[in-house]
Amino acid sequence: MRDFDEQTITQAVLTSFENTPDPRLRQILTSLTRHIHDFVRDIEPSFAEWRDCVDFLTRTGQICDEKRQEFILLSDTLGISMLVDAINHRMPEGTTETTVLGPFFVVGAPALPLGADISDGMSGEPLYVEGKVVSASGIPLAGATIDVWQSDGEGFYDVQMPERDNMALRAQFSADADGRFHFWSVRPSFYPIPYDGTVGDMLKATSRHPNRPAHIHFMIRHDGYEPLVTHLFDAESLYLDNDTVFGVKDSLIVPFEHKSSGTAPDGKAMDGSWHALNYAFGLKPAAGSVAASVASALAPAAA
Ligand code: BEZ
Ligand code: FE
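Using my numbering, read the sequence shown as starting at 13 and increasing by one per residue.
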């Protein structure tokens, strides 16, 4: 193995991986080698540019710690996270589309009773959220676990407020016997993803903005079904058509209905402006589960 040129170097590297015992690892490294060599031949970097690439990735790693994951942010802003999501969630009819998890999910949010107010002093106009969790064929999933988290009316998550020492605008609920849940919150705002690191440098250098449209995150789980990680987007928000992480899907855009005073669905007398939203979430049966066998038995035969 010697005397490689701009073309033969690729085959030499491919040959070096031929004895990789794990076939999947061999497939991945082979494809990576082909694509990355083609990429380098395409851009023909100078030494200075290649050093800048290495430096960018080094700084990206150095920013990461247990609270900040700059590589995931890079994957999000390059559309890779949503591409992996699309490949892994080819969702059947009747199920809710998925989107990115994002960095602001926190394990161990308080389990609250249905109807609780999760705002705990965070800013924003009152928002009444009600929903239902069902199977693809519409069967209510009693007892489904619903994790919610969101920003406030100024676009901040609790974890971005060093002065706060307790969680807010996040909670875990259990659906009732009809698969229904409801809670009070505030109407979230659009907000910028963290842009004080290498991802921010990339966005600035490419004249991109760092914003995401206003949304509420949901993670919904029930035995026998795939966990559903998704958002509901405010139909009136800015940035629905240019989310910096490419996470918007039409089916997840909902009206946050405007209301003025009156009585809320839970009987609460309202004074001033508030909002309400309602959504039915459909879960996909987990592969190999009883729910999956029932769903495939009920599915119309392929033509
Ligand atoms: C979020 O919605 O919380 C989020 C998603 C991806 C990157 C940054 C933030
Ligand atoms: Fe978010």
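Every residue, glycine too, gets a C-beta built ideally from N, C-alpha and C.
| Query | Result |
| --- | --- |
| The segment 45 to 59 contacting the segment 176 to 183, beta-carbon criterion three pairs below 8 angstroms | no |
| Length-filtered (3 minimum) beta strand (DSSP E) runs lying within the segment 95 to 161 | 138 to 147 |
| Where the beta strand (DSSP E) through Glu-269 begins and ends | 269 to 275 |
| Span of the alpha helix (DSSP H), counted from its first residue to its last, around Met-214 | 210 to 217 |
| Delimiting residues of the alpha helix (DSSP H) encompassing Gly-73 | 59 to 75 |
| Contact test: Leu-136 Cβ vs the ligand FE heavy atom, cutoff 6 angstroms | Correcting the residue identity first, residue 136 is Gly in this sequence and not Leu. Not under cutoff, so the answer is no. |
| Neighbour-count burial assignment, Lys-144, 16 or more Cβ in a 10 Å radius | buried |
| Distance, Val-25 Cα to Arg-14 Cα | 12 angstroms |
| Proximity test, Asp-88 beta-carbon vs the ligand BEZ heavy atom, cut-off 6 angstroms | yes |
| Closest Cα partner of Gln-118 within the set Gly-300, Gly-284, Met-231 | In the sequence as displayed, the identity of residue 118 is Val instead of Gln. It is Met-231 whose Cα lies nearest to the Cα of Val-118. |
| Reduced DSSP secondary structure (H/G/I, E/B, other) of Val-25 | helix |
| Buried or exposed by the 16-neighbour rule on C-beta atoms within 10 Å, applied to Pro-35 | exposed |
| Proximal residues to Tyr-169 (C-beta, below 6 angstroms), its chain only, five neighbours per side dropped | Phe-116, Ser-163 |
| Cut-off 6 angstroms between Cβ atoms - residues of its own chain near Ser-273, not counting five sequence neighbours on either side | Met-282, Asp-283 |
| Sheet register partners of Asn-290 (DSSP bridge) | Glu-142 |
| Ala-299 - partner residues in DSSP beta bridges | In the DSSP output, where bridge partners are listed per residue, Ala-299 has none listed. |
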